[in-house]
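To keep things clear, I will list the structure first and then write my remarks on it.
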Amino acid sequence: MSFKTEVIEKIAALVTAAFGLVAALAWNGAIQELFKLIFGEQSTLVAMFVYAVVVTIIAVIAVVLIGRAAAKAKGEDEAAERK
């Protein structure tokens, strides 16, 4: 792999990560407002931990589902290439 290609791939990965961070921050704000709407203006340590646990569970489920979908799509692509 050439240096130029490697640099472009790394920049693409960094830009993708930056957009992911922006999206995560937007979702963080939206979910915090939803929690305020449901549970009221509670900024106690317990409320923050409940929020963190719920968001972590949602994130883990989303990552697992996305990973399965990606693996399935990759398997379908490989099967199509063999034909």
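Residues in the sequence shown are numbered consecutively from 10, following my numbering. C-beta atoms are modelled at their ideal positions from N, C-alpha and C, and glycine is treated no differently. Quick caveat: nothing in here was measured; it's all calculated off a predicted structure.
{"Item": "Starting from M57, follow the alpha helix (DSSP H) in both directions and report where the run begins and ends.", "Value": "54-91"}
{"Item": "Alpha helix (DSSP H) containing G49: first to last residue?", "Value": "Looking at the DSSP string, G49 is not in any alpha helix (DSSP H), and its letter there is neither H nor E."}
{"Item": "Taking just the CA atoms, how far does K92 sit from L34?", "Value": "44 Å"}
{"Item": "Rounded to the nearest angstrom, how far is the Cβ of V64 from that of I40, given a contact under 8 Å?", "Value": "6 Å"}
{"Item": "Leaving out five residues before and five after E94 in sequence, what residues of the same chain have Cβ atoms less than 6 Å from its Cβ?", "Value": "What the structure shows of the chain is the stretch from 10 to 92, and residue 94 is not part of that stretch, so it cannot be assessed."}
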